[in-house]
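What follows is a short report on a single structure.
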Ligand SMILES: Cc1cc2nc3c(=O)[nH]c(=O)nc-3n(C[C@H](O)[C@H](O)[C@H](O)COP(=O)(O)O)c2cc1C
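So this is what it looks like as structure tokens:
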């Protein structure tokens, strides 16, 4: 367990708060790492991938209280159901200070899910599923900071042509399930990536009004409520489905 996690464990009974302040140290470190390894293959290289190679869907997410993470884990399972495609889970770096995390009663993170060593590693993926909780109807700043660290890839359009989907978490209904995904599309547009929504392909449950369910045509979603609500089986099933759907799209794009 990291030092930060153990500090947060000690203070886990503190109340939730707010705030969002990026760590200068972390951002500088990321930028340097980024600048050191500028030679990676282009997006076009993925089109000549050997048919025997496992295709990779990177599931890159930020989750403060675990709701997005629960979708991400189930999404990985869905990706793995498609032969020849594997899902890899990656966390984006935290940008809030330890003090703020303690005030917000943020639980320790699952250390078995690693951060990407560098944003440049994104070029190794054949497709992406990006997950994030909403903040005032848009993606959390931690995720935006991660996208902001991909400037060199953007400059050389290394991710152009790669498919990507979104999944989200909101506290409430009407709190941003759709706007959070919708406003994130600009990230893909500037990279020249292909937005892959799930539409209504999940089936009849997309129209079910008998129970509360996160998720939309833009992608899987969960309602966190006051934080104590957990993803329902339907919300998780949509996440698993989205993983499978993206894996199939990736396979078709790469192998035809
Ligand atoms: C600063 C801040 C802003 C938030 N803004 C919204 C919001 O606009 N709409 C909403 O429904 N929930 C909002 N929430 C609740 C979060 O979206 C919720 O904690 C999150 O979806 C839980 O996901 P996680 O467990 O993966 O972190 C906000 C939470 C914080 C801390």
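Numbering (this note's numbering), first residue to last: -5 to 250.
Ideal placement from N, C-alpha and C gives every residue a C-beta, glycine not left out.
All values reported here derive from a predicted model rather than from experimental measurement.
C-alpha distance - residue 177 paired with residue 133, whole-angstrom precision: 8 angstroms
Report the residue from 131, 107, 159, 142 whose alpha carbon sits nearest the alpha carbon of residue 166. 131
Taking 7 angstroms as the limit, tell me which residues put their C-beta closer than that to any heavy atom of ligand 1, in chain order. 12, 14, 57, 58, 59, 60, 61, 62, 63, 98, 127, 128, 129, 130, 131, 163, 164, 165, 166, 169, 170, 218, 221
Note down, one range per segment and in chain order, each beta strand (DSSP E) of at least 3 residues found wholly within the stretch 46 to 129. Given a length threshold of 3 residues, each whole run of the beta strand (DSSP E) inside the stretch 46 to 129 is given here in chain order: 49 to 55, 79 to 85, 121 to 129.
Let me confirm a value: residue 194 is counted as buried when at least 16 other C-beta atoms fall within 10 Å, else exposed. Which label applies? exposed
Which value, in whole angstroms, describes the spacing of the CA atoms of residue 237 and residue 173? 21 angstroms
Report the residue from 138, 204, 183, 157 whose alpha carbon sits nearest the alpha carbon of residue 192. 157
First through last residue of the beta strand (DSSP E) which encompasses residue 160: 157 to 164
For the stretch 100 to 109 against the stretch 49 to 66, do three or more pairs of beta-carbon atoms, one drawn from each stretch, fall closer than 8 angstroms, so that the two count as touching? yes
Please state whether DSSP places residue 153 in a helix, a strand or coil. coil
Hey, out of 227, 190, 188, whose CA is closest to residue 206's CA? Of the candidates 227, 190, 188, 227 places its Cα closest to the Cα of residue 206.
What is the DSSP secondary structure of residue 196, counted as helix, strand or coil? coil
Residue 215, DSSP secondary structure in three states: strand
Considering only the alpha carbon of each residue, which of 250, 249, 230 lies closest to residue 72? 230
For residue 123, which option in 144, 108, 51 has the closest C-alpha, if you only look at C-alpha atoms? 51
So, at 7 angstroms on beta carbons, what are the nonlocal neighbours of residue 242 in its own chain, with the 5 sequence-adjacent residues on each side left out? 76
Since residue 244 and residue 79 are thought to touch, with beta carbons under 8 angstroms apart, how far apart are those beta carbons, to the nearest angstrom? 6 angstroms
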